[in-house]
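Student: One structure, pasted below without further comment.
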Amino acid sequence: KTNLVEAIAYLASLNSHRVAQDTPLVRLDADRAVVRGNVVSAGRSVLLEVEITPGKANRARINRSPARAAKDILGVLRTVLFAPEDLALVKGEPQARRRFIDDLLVSRAPRFAGVRADYERVLKQRNALLKSAGAAMRASRAGASDLRTLDVWDTHLARTGAELLAARLELVEQLRPLVAKAYDEVAATEGGQASAAARLDYRCSLGPDVELTPDRELLSAALLDTTGRIRRDELDRGISLVGPHRDDLVLSLGPLPAKGYASQGESWSLALALRLASYELLRASGDDPVLILDDVFSELDTQRRTRLAELVGIAEQVLVTAAVAADVPDSLSGARVDVMAGELRRVR
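Sequential numbering of the sequence shown, starting at 778, is according to this note's numbering.
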């Protein structure tokens, strides 16, 4: 079941919600995998295909014509997927939350796939230079050319980092009220309101003294100034200590951070609120995305199951997977397909 919804989400994002690399997506003993789907939007049918070959760049086709790059298919299909792994958005490390916000950026504006790739390339090159230059300095062999080269990469990091950071700040600002509203709806008690208000904030590695404004020039200048001030520390450690790769989303319930304080039920509700808020944000900027709920009803109590079914019932297309059919509320009626031994069988 998860393979099916994962394939659909992969066509939308070129990422898996389970694994960081593409290699595990290819069946054991197979040399490649092909994901193919027909997307109907605004009365137009588009055939999307992605070929995943371990060790090689993925190839994509649109209506059977080769795309220049796989990322060219981004934006044709939009999905929002909620899965058990999403609990890491609340309880896990910052990397999961950074990936969440960046994936949402790409879903809204596919050009940010290039922005993110550019920043990751610059970061990799800069880290390699910091490591080699730092080792040379400790051996008293560092020359002025090493530091001049580092100045160039500082500029690249500031430029690409400011572009990504500004977009994140704008997105968090738009997402914040939607998360609060969604959490209140999901976690509402019999009194009609959640016991604590949910809040979403952005924690930047530039520190509390830097005003966080989505002004790319100001952010670039702040990144460049900070990297200059901490250069010695970066050379000693051989890594970049400031930039979007060190930032985090802070999730709170009332006055307390959710991580470490939220109960299991509150954590599930908050993770779900993040996905429902994402759905509302994407819905407001274009066609309704496909909403995917991968084996989540079994993780929720009866009250949250009912609330979730009510909230997703308005979606144009919802895909739900469950190991036990009774876990899915009756209000979510529709076509049912059983997955047996790797084969799909239409039941109704």
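Even glycine gets a Cβ: it sits at the ideal position worked out from N, Cα and C.
Between which two residues does the beta strand (DSSP E) holding TYR787 run?
Tutor: Here TYR787 belongs to no beta strand (DSSP E); instead the alpha helix (DSSP H) covers 779-790.
Student: Classify PRO991 as helix, strand or coil using the three-state DSSP reduction.
Tutor: Looking at PRO991 - three-state DSSP - the assignment turns out to be coil, as it is neither helix nor strand.
Student: When the Cα atoms are used, what is the spatial distance from LEU942 to PRO991?
Tutor: Between LEU942 and PRO991, the C-alpha separation is close to 8 Å.
Student: Quickly, what does DSSP pair ALA837 with across the bridge? List them, please.
Tutor: ALA837 is bridged to VAL827.
Student: From ALA819 to ASP1064, what distance separates their C-alpha atoms?
Tutor: Cα to Cα, ALA819 sits roughly 8 Å from ASP1064.
Student: Roughly how many whole angstroms lie between the Cα atoms of ARG841 and SER822?
Tutor: One C-alpha to the other measures close to 12 Å.
Student: How many Å lie between ILE829 and ARG809 at the Cα?
Tutor: Answer to the nearest angstrom: the Cα atoms are 6 Å apart.
Student: Figure out for me which residue from GLY1090, ASP1078, GLY1119, VAL1095 has the closest Cα to the Cα of ALA1103.
Tutor: ALA1103 has its Cα closest to that of ASP1078, out of GLY1090, ASP1078, GLY1119, VAL1095.
Student: Hey, would you say VAL857 sits closer than 8 Å to LEU1088, going by beta carbons?
Tutor: Taking 8 Å as the Cβ cut-off, VAL857 and LEU1088 do not qualify as a contacting pair.
Student: Between the Cα of ARG1082 and the Cα atoms of VAL1101, SER1062, VAL1105, which residue gives the shortest distance?
Tutor: If we check each option's Cα against that of ARG1082, VAL1105 comes out closest.
Student: With which residues is TYR979 paired in a DSSP beta bridge?
Tutor: BP columns for TYR979 point to LEU1026.
Student: Taking all protein chains shown into account, decide if SER1110 is buried (16 or more other Cβ within 10 angstroms of its Cβ) or exposed.
Tutor: Its Cβ having fewer than 16 others within 10 Å, SER1110 is exposed.
Student: Between the segment 854-869 and the segment 1026-1046, are three or more C-beta pairs nearer than 8 Å?
Tutor: Yes, they touch.
Student: Can you grab the Cα-Cα spacing for the pair ALA860 / LEU934, in whole Å?
Tutor: Rounded to the nearest angstrom, the two C-alpha atoms are 33 Å apart.
Student: With a threshold of 8 Å on Cβ separation, who are the neighbours of ALA847 within its own chain once the five nearest residues in sequence on each side are excluded?
Tutor: The residues are LEU791, VAL827, ALA834, ASN835, ARG836, ALA837.
Student: Roughly how many whole angstroms lie between the Cα atoms of ARG1113 and LEU1096?
Tutor: Spanning the two alpha carbons is a distance of roughly 10 Å.
Student: Going by DSSP in three states, GLY814 sits in which element: helix, strand or coil?
Tutor: DSSP places GLY814 in strand when its eight states are reduced to three.
Student: With a Cβ-Cβ cutoff of 8 Å, do VAL853 and LEU825 count as a contact?
Tutor: Yes, Cβ-Cβ distance for VAL853 and LEU825 is below 8 Å.
Student: Buried or exposed: which applies to ARG1052, given that a residue is buried once 16 or more other Cβ atoms fall within 10 Å of its Cβ?
Tutor: By the 10 Å Cβ count, ARG1052 comes out buried.
Student: Just tell me which of LEU1049, TYR960, ARG925, ALA957 has its CA closest to the CA of LYS1005.
Tutor: Checking the sequence shown, residue 1005 turns out to be Gly, not Lys. Per the Cα distances, ARG925.
Student: Can you list, in chain order, the residues of its chain with a C-beta nearer than 6 Å to that of GLU947? Leave out the 5 residues immediately preceding and following it.
Tutor: PRO991.
Student: Pull up the CB-CB distance for GLY938 and PRO1021, whole angstroms please, since I reckon it's below 8 Å.
Tutor: Yes, GLY938 and PRO1021 are in contact; Cβ-Cβ is about 5 Å, under 8 Å.
Student: On the three-state DSSP scale, how would you describe GLU1057?
Tutor: Helix at GLU1057.
Student: Flag this pair as yes or no: are the beta carbons of ALA1092 and ALA959 separated by less than 8 Å?
Tutor: No. Outside cutoff.
Student: Where does ILE1069 fall in DSSP's three states?
Tutor: Note: ILE1069 maps to strand in three-state DSSP.
Student: Give the range of the beta strand (DSSP E) segment to which GLU1120 is assigned.
Tutor: Per DSSP, GLU1120 belongs to the beta strand (DSSP E) from 1120-1123.
Student: Considering only residues of the segment 835-916, which uninterrupted beta strand (DSSP E) runs meet the minimum length of 3 residues and lie entirely inside it, listed in chain order?
Tutor: If we require 3 residues or more, the beta strand (DSSP E) runs fully inside the segment 835-916 come out as 836-839, 856-859.
Student: From what residue to what residue does the beta strand (DSSP E) around THR1083 run?
Tutor: Counting along the chain, THR1083 falls outside any beta strand (DSSP E), though it belongs to the alpha helix (DSSP H) covering 1079-1089.
Student: What residue range is occupied by the uninterrupted alpha helix (DSSP H) comprising ASP1013?
Tutor: Taken as a continuous stretch (DSSP letters only), the alpha helix (DSSP H) holding ASP1013 covers 1008-1014.
Student: Does the beta-carbon distance from ALA910 to LEU1012 come in below 8 Å?
Tutor: Their beta carbons are under 8 Å apart, which means ALA910 touches LEU1012 by this criterion.
Student: Are ARG903 and TRP930 closer than 8 Å when you measure CB to CB?
Tutor: A contact, by the Cβ cut-off of 8 Å.
Student: I need the boundaries of the beta strand (DSSP E) containing VAL1095, first residue and last residue.
Tutor: Where VAL1095 is concerned, the enclosing beta strand (DSSP E) stretches over 1095-1098.
Student: DSSP three-state label for ARG925, please.
Tutor: In this structure, ARG925 counts as helix in the three-state DSSP scheme.
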